[in-house]
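J.:
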Amino acid sequence: MLNKTIKIAAAGAFMLGATTTAAFAGATAQPGETAGLAAGAPLPEGVYFVNTLDWGVRKLPGTDAKLLVDIPVLAWSTPWTILGANFQVLGALPMIHSDAGTSDYGLYNPFAAVRFAWDLGGGFGASYLSGFYFNAGDKGIRVPATTWRQDFAVSYTGDGWNLTANLLWGITFDTSKYSPFNSTPNGFNLDLTATKTFGKWEVGAVGFGSTQYDLPTGYGGKQKQFALGPLVGYNFGPVILQAFVTRDVYQRNMGGKDTRFWSRIIIPLWTPTPAAAPLVTKY
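See the structure below:
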């Protein structure tokens, strides 16, 4: 039960991410960032820290594009409900190191969001997230625009399973003067999870896809990809570690296929103290 609770907490905390324009020229949310998490399930009350580090290489003609992303996230699951939904507040300051012929390192677009998650009963849950990547951060690292991000997730977390689909929709505006073109592409990401816990261990598979749409003038073509890979996790109680590897099985207009290594640590910083049991007196 503890493993399930913290995994759901991480889903709330980790619904943030990054993709540097130096390497992928477009989408603000990192494809695959919520893979492995029960993004559709309500989050137990408390404050949570989730740090995800991933590193990958995309094989390109003449050179390789290397990308290291670190996403430290804080999430507060409040004691309040709105329209029957658990209400959460999230924030992150992602950092990126990219090397695609030239090396860049710095702060990616800061992110803030709110999330509403409903318990539908029978192990099923659904959630909606609304937040913004702000047009700030280091030039050459950040996406030069403000992005409104919306997530629509469903999860089944009964019997030790985590079966989750999370659709991320990004709409960009307020493009800065540093943009190489007149505006930044909008896009969809789809993150998928199918894992099962056995005692303290978790094993399964993850997948993710991304596609651009409404491509502005000046771009060579819509970028698309889909990746798959295995996941393993371990519950140290209460800290949880996850690790997984993904590899593109399909890509279009991205120059080559990407292989990526992911690690995640989930730490509950604060949870409510259970109420003391009432004293019982025999007469």
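Mind the numbering: the sequence shown is residues -25 to -1, 1 to 258 in mature numbering (1 follows the signal peptide of the UniProt record, and there is no 0), read in order.
Glycine is no exception: its CB is placed at the ideal position from the N, C-alpha and C atoms.
Only a predicted model underlies this, so the values are computations on that prediction, with no experimental measurement involved.
(1) Let me know the secondary structure DSSP gives THR248 once reduced to three states.
(2) Determine the DSSP secondary structure at ASP39, reduced to helix, strand or coil.
(3) Any idea what DSSP makes of GLY133, helix, strand or coil?
(4) Go ahead and pull the three-state DSSP assignment for ILE117.
(5) Helix, strand or coil: how does DSSP classify MET70 here?
(6) So what's ASP189 in DSSP terms, helix, strand or just coil?
(7) For the beta strand (DSSP E) containing LYS171, name the first residue and the last one.
(8) Quick check: what's the CA-CA separation for PRO19 versus LEU244?
(9) Going by DSSP in three states, TYR108 sits in which element: helix, strand or coil?
(10) Which residues mark the beginning and the end of the beta strand (DSSP E) in which GLY213 is found?
(11) What's the C-alpha gap between GLN187 and VAL22?
(12) Whose C-beta lies closer than 8 Å to the C-beta of LEU58 among residues of the same chain, with five residues either side of it excluded?
(13) Give the DSSP-derived three-state secondary structure of PRO47 in the structure shown.
(14) Short check: CB of ARG124 to CB of LEU142, under 8 Å?
(15) So for LEU206, helix, strand or coil by DSSP?
(16) Taking the straight line between their C-alpha atoms, what separation do you get for ALA60 and PHE86?
(17) With DSSP as the reference, please indicate the residues paired to LYS199 in a beta bridge.
T.: Result, derived from the coordinates:
(1) Coil, per DSSP.
(2) Here ASP39 sits in strand by DSSP.
(3) Residue state, collapsed to three classes: helix.
(4) Here residue 117 turns out to be Arg, not Ile, going by the sequence shown. DSSP places ARG117 outside both helix and strand once states are collapsed to three, so it counts as coil.
(5) DSSP places MET70 in strand when its eight states are reduced to three.
(6) ASP189 carries a coil assignment under DSSP once its states are collapsed to helix, strand and coil.
(7) Counting along the chain, the beta strand (DSSP E) containing LYS171 begins and ends at 161 to 173.
(8) Their Cα atoms are separated by approximately 12 Å.
(9) Of the three classes helix, strand and coil, the one that applies to TYR108 here is strand, per DSSP.
(10) Sequence check: residue 213 is Pro here, not Gly. Segment: none, PRO213 is in no beta strand (DSSP E) and carries neither H nor E.
(11) When rounded, the distance between both Cα atoms is 34 Å.
(12) PHE91.
(13) If DSSP states are grouped into helix, strand and coil, PRO47 belongs with the strands.
(14) No.
(15) Shown here, LEU206 sits in a strand according to DSSP, grouped into three states.
(16) Cα-Cα distance, rounded: 22 Å.
(17) In the DSSP assignment, LYS199 forms a beta bridge with THR186, ARG227.
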